[in-house]
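S.K.: The end of the sequence shown is residue 515 by the working numbering, with every number in the run present.
Cβ atoms here follow ideal geometry from the backbone N, Cα and C, with glycine treated the same way.
Attaching a single structure in structure tokens format; questions to follow.
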Amino acid sequence: MRYYPDASAHLTWPEVNTAIEEVFAEHGRGNVRMPSKVYITFPDGDFRTMPAAIPSMDLAGVKIVNVHPKNRERGLPTVMATTLLLDPASGLPTAFLNATALTDMRTGAAGAVAAKHLAQKKPLTVGLIGSGRQAYAQLAATAAACTISEVFVWSRSMARAEAFAAAHPEYAITPVARIQDACACDLLVTTTPSREPLIRSEWVAPGTHINAIGADAPGKQELDVALLRRAEVFIDDYEQATHSGEVNVPISRGEYPASAIAGTLGEVVLGAKGRSSPDAVTIFDSTGLAVQDLAIARIAVGRVDGTELPFP
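In structure tokens:
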């Protein structure tokens, strides 16, 4: 078994987007083995265990990832992750990866794939709700898949929104003080850890596509339930999304039926599902799938030299 340090600097967004699109297609075909995430909760966060296998790609493994929102105060990333790849034939561990930055990239790529297939206007005006690492990953990945004309960013702290814009001048980002001003866009991307709805339905114009990224654990919610009822909601995985995605709270409260879900992103990639009209509001509810981690790990191990670890 070999240990692989951070390989993110050696990966390009187009190749990561392509790899993630491929595994969503395999998911849509029913060709993956992937139980839902298992959560262990703590007072200030949680960690998740995410196993999966993709037989057609000869890939198997597991990721362990934490989410601790207060880590910024500790000088640590909110999200940190490791991935272990296994040989499907023998079960032998073959690679152990630092997957923190890779997790940012594969999540960003899922949003880019959704925008490519569901956003109906090109070029896109983009509204970012949240100004952390994942907001940047979503923007960078989407810019590699779609043409972007304008970007607006809102954060709970105007200073953080301004710092985000200053850190990424290549995108000509405009910080906004009012959240509804960021919602006036073609592609709205939410990346907050909120447990209360932030986005009201009346702020979202017909034809908008929303990548709902932040709700990735039970109890999290970024979108008004009225917006979900009005929209065509596509998820990454039924079992996982209904348990811990944007739809989890409304479903648990009986405010939104699981039967209203329009389909999965895998089905969208395959062309089996999609937006019904140019004026439809579409939502991609992303929880993050273990098969995405396998796909990006496969690229990463070919880009950096690993250190041999004694095993078994």
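1) Quick test of the definition: if touching needs 3 or more C-beta pairs under 8 Å, does the stretch 433 to 446 touch the stretch 472 to 490?
2) Under the rule that 16 or more other beta-carbon atoms within 10 Å means buried, what is E470, buried or exposed?
3) Identify, in the order they occur along the chain, each residue of the same chain with its Cβ nearer than 8 Å to the Cβ of G410, setting aside the five sequence neighbours on each side.
4) Could you say which of I454, D209 and A461 lies nearest to T285 if we only look at CA atoms?
5) V270: buried (16+ other C-beta within 10 angstroms of its C-beta) or exposed?
6) Using beta-carbon positions only, say whether R236 and A298 come within less than 8 Å of one another.
7) With a threshold of 8 Å on Cβ separation, who are the neighbours of V379 within its own chain once the five nearest residues in sequence on each side are excluded?
8) Does DSSP classify N220 as helix, strand or coil?
9) Evaluate contact between the stretch 255 to 268 and the stretch 490 to 508, counting only Cβ atoms and requiring at least three cross-stretch pairs below 8 Å.
10) If we ignore side chains and look at the alpha-carbon of each, how far apart do P326 and L289 end up?
11) Do the stretch 329 to 342 and the stretch 391 to 406 touch if we need at least three Cβ pairs shorter than 8 Å?
12) When the Cα of A420 is compared with those of H446, G477 and L401, which residue comes out closest?
13) Would you kindly check if the distance between the Cβ of E449 and the Cβ of A415 is under 8 Å?
14) Tell me which same chain residues have a C-beta within less than 8 Å of the C-beta of T306, skipping the five on either side of it?
15) Looking at the structure shown, is V494 part of a helix, part of a strand, or coil, going by DSSP?
16) Along the chain, where does the beta strand (DSSP E) containing T286 start, and where does it finish?
17) If I follow the unbroken alpha helix (DSSP H) through A322, where does it start and stop?
18) How about L291 and A256: do their beta carbons lie closer than 8 Å?
M.R.: From the atom records:
1) yes
2) buried
3) Q323, K324, D389, P481, D482, A483 and V484
4) D209
5) buried
6) no
7) F355, V356, W357, A364 and A385
8) helix
9) yes
10) 41 Å
11) yes
12) H446
13) yes
14) K266, V268, V282, A284, G491 and D496
15) helix
16) V282 to L289
17) Counting along the chain, A322 falls outside any alpha helix (DSSP H), and DSSP gives it neither H nor E.
18) Sequence inspection shows Pro at residue 291; the Leu mentioned does not correspond to that position. Against a cut-off of 8 Å, the Cβ pair of A256 and P291 comes out as a contact.
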